[in-house]
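A.B. asks:
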Amino acid sequence: MSWINEKGPLRDVVISSRIRLARNLANYPFPPVMKPQHAAEIAENIRNSVIGRRSSQGLSFMFIRDVPIVERQILVEKHLASQDLMQNYEVSALIMDKDEKITIMINEEDHIRMQCILPGFQLNQSWDILNSVDDMLESQVEYAFHDELGYLTSCPTNVGTGMRSSVMMHLPALTLNQQMNAILQTISKIGLTARGIYGEGSEALGSIYQISNQITLGLSEEEIINNLTIACRQIIDKERMARKALWDANGIQFEDALWRAYGILLNARVLELKEFMALLSQVRLGVSLGLIPKLTLEDMDYLMTIGQPGGVTRKAGRMIDGNEIDIARANVIREVMEGILKTKDIS
0 MSWINEKGPL RDVVISSRIR LARNLANYPF PPVMKPQHAA EIAENIRNSV
50 IGRRSSQGLS FMFIRDVPIV ERQILVEKHL ASQDLMQNYE VSALIMDKDE
100 KITIMINEED HIRMQCILPG FQLNQSWDIL NSVDDMLESQ VEYAFHDELG
150 YLTSCPTNVG TGMRSSVMMH LPALTLNQQM NAILQTISKI GLTARGIYGE
200 GSEALGSIYQ ISNQITLGLS EEEIINNLTI ACRQIIDKER MARKALWDAN
250 GIQFEDALWR AYGILLNARV LELKEFMALL SQVRLGVSLG LIPKLTLEDM
300 DYLMTIGQPG GVTRKAGRMI DGNEIDIARA NVIREVMEGI LKTKDIS
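Number 235 in numbering that gives the first Met the number 0 belongs to position 236 of the sequence shown; there are no gaps in the numbering.
#1: Leaving out five residues before and five after residue 346 in sequence, what residues of the same chain have Cβ atoms less than 8 Å from its Cβ?
#2: Under the three-state reduction of DSSP, which class applies to residue 292: helix, strand or coil?
#3: Using 10 angstroms around the beta-carbon of residue 164, count the other beta-carbons present and answer buried if the total reaches 16, otherwise exposed.
#4: Grab the span of the beta strand (DSSP E) containing residue 111 for me, first residue to last.
#5: Expressed to the nearest angstrom, what Euclidean distance is found between the alpha-carbon atoms of residue 134 and residue 114?
#6: Could you compute how far the alpha carbon of residue 226 sits from the alpha carbon of residue 268?
#7: Go ahead and pull the three-state DSSP assignment for residue 37.
#8: Could you give the residue range of the alpha helix (DSSP H) that holds residue 182?
#9: Let me know the secondary structure DSSP gives residue 13 once reduced to three states.
#10: Classify residue 270 as helix, strand or coil using the three-state DSSP reduction.
#11: Whose C-alpha, out of 93, 188, 126, 294, is nearest the C-alpha of residue 63?
#12: In the DSSP output, which residue or residues are listed as bridge partners for residue 88?
#13: In three-state terms, what does DSSP make of residue 121?
#14: Quick check on residue 79: does DSSP put it in helix, strand or coil?
#15: Per DSSP, what kind of secondary structure is residue 226 in: helix, strand or coil?
#16: What is the residue span of the beta strand (DSSP E) that residue 193 lies within?
#17: My output table needs one value for residue 138: the three-state DSSP class, helix, strand or coil.
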């Protein structure tokens with residue numbers, strides 16, 4: 000079962016919380032300059048250190064070169080692995096648990112990029128889990144560590160704790176009210192940044208933003224998490240107030256727009272990705288406000304995942320692109336929504 004299907008706190012605004020740690024092994028060149036033989040040794044070393052333990056039940060190891068292209072894309076779309084890991088497919092590997100909450104990327108930008116992702120607003124819980132994974136791995140291998148700087152990484156911006164804490168948030172009301180620019184400017188002044196749904200350089204499709212820390216040096220892990228938590232709680236409050244203001248000001252017109260989006264998703268024959276994400280955002284807003292029954296927030300986030308290019312291609316059972324993928328997306332979303340609604344009617 001994936002974290003996507005589980006309930007989480009404050010899920011109406013927060014889709015997921017993720018903690019990521021960057022680590023490198025001592026006595027090996029860092030990924031930008033290492034040779035294939037180094038990468039192979041590192042992958043095998045980490046594999047034996049993690050999979051070889053009795054507590055590793057439920058973990059799977061895979062070389063990315065052995066993963067089909069569509070499945071690689073799905074791993075990225077589900078935020079379980081990065082695009083950089085896929086681009087390094089000749090030497091990279093991935094360790095993942097059966098619940099898709101813990102992943103360890105090997106030979107990405109750093110030797111190790113481990114993460115824990117949980118549904119809803121659970122930064123501290125994510126850190127508790129990942130910290131134990133990090134401690135376990137550090138007991139087996141020697142990390143590249145400097146007494147003054149902390150953990151050493153390929154990119155200087157990650158030196159120190161090596162931590163990137165991030166919260167994926169659905170902010171349709173703040174986006175519609177054009178308040179996001181002011182919020183983004185404010186958080187940048189306190190060492191935070193916002194990216195689109197797939198990280199740096201990506202668009203905030205469906206009004207989905209990833210809020211994360213920029214500073215890893217000079218702060219403890221707890222301070223990084225606390226700073227992000229405070230900022231995100233303020234954003235959650237602002238989004239909820241903005242939603243209420245939209246509802247109070249527009250009433251039936253507001254509700255009508257949400258139901259029209261629902262109708263299109265349930266009946267469309269062609270859905271381009273950007274349109275799909277915009278419609279899904281509206282329906283998710285309706286679900287979060289209790290205006291659209293039967294569907295849950297977990298249903299909406301599952302639909303978001305399977306409506307991405309990789310998810311649609313997997314459902315189609317063959318490689319598709321262009322207009323064909325937009326037709327297939329509409330078919331997939333329609334069939335899955337009908338299945339969900341039918342199940343709810345029976346129950």
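For every residue, glycine included, the Cβ atom is placed at its ideal position computed from N, Cα and C.
C.D. replies: Let me spell this out:
#1: With a pLDDT of only 46 at residue 346, under 50, the local geometry of the prediction cannot be trusted, and the value read off the model is given with reservation. Cβ neighbours of residue 346 beyond the five flanking positions: none.
#2: coil
#3: It counts as buried.
#4: 111 to 118
#5: 13 Å
#6: 45 Å
#7: helix
#8: 179 to 187
#9: Residue 13 falls in the strand class under three-state DSSP.
#10: coil
#11: 93
#12: Paired residue(s): none; residue 88 is not in a bridge.
#13: Looking at residue 121 - three-state DSSP - the assignment turns out to be coil, as it is neither helix nor strand.
#14: coil
#15: helix
#16: 191 to 194
#17: coil
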